[in-house]
């Protein structure tokens, strides 16, 4: 007896349902989606378009949804500002050393 759910193949141009849920959750909460391994940011619309970072297997049972995280834009800005400030402090130290 064939079980149609076990041998379901991914449809071209369609992403798995769990990624659609992730995109919808991000949209409702005003978040961006971060792909940890590639360090790329996606809007919900970009994720729904099916970027190459989404991997899916023949059975949909093993995918890389755990590699994606919802992040508030304010957190992203705060983190990037800290990185820029740290780099600026380092640059200022280098400039002080280089003064003749």
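Residue numbers (full-length UniProt numbering): 1 to 100. Beta carbons: idealized from backbone N, C-alpha and C, even for Gly.
- Residue ranges of uninterrupted alpha helix (DSSP H) with 4 or more members, entirely inside the region 43 to 97 and ordered along the chain, are 44 to 48.
- About 15 Å separates the beta carbons of residue 69 and residue 24, which is beyond the 8 Å limit, so they are not a contact pair.
- Taking C-beta separations shorter than 8 Å and ignoring five residues to either side along the sequence, residue 89 has no partners in its chain.
- In this model, residue 85 and residue 30 are separated by some 26 Å (Cα to Cα).
- Short of 7 Å from the beta carbon of residue 80, and not among the five residues preceding or following it, lies no beta carbon of its own chain.
- Our two residues, residue 97 and residue 72, have alpha carbons roughly 39 Å apart in a direct line.
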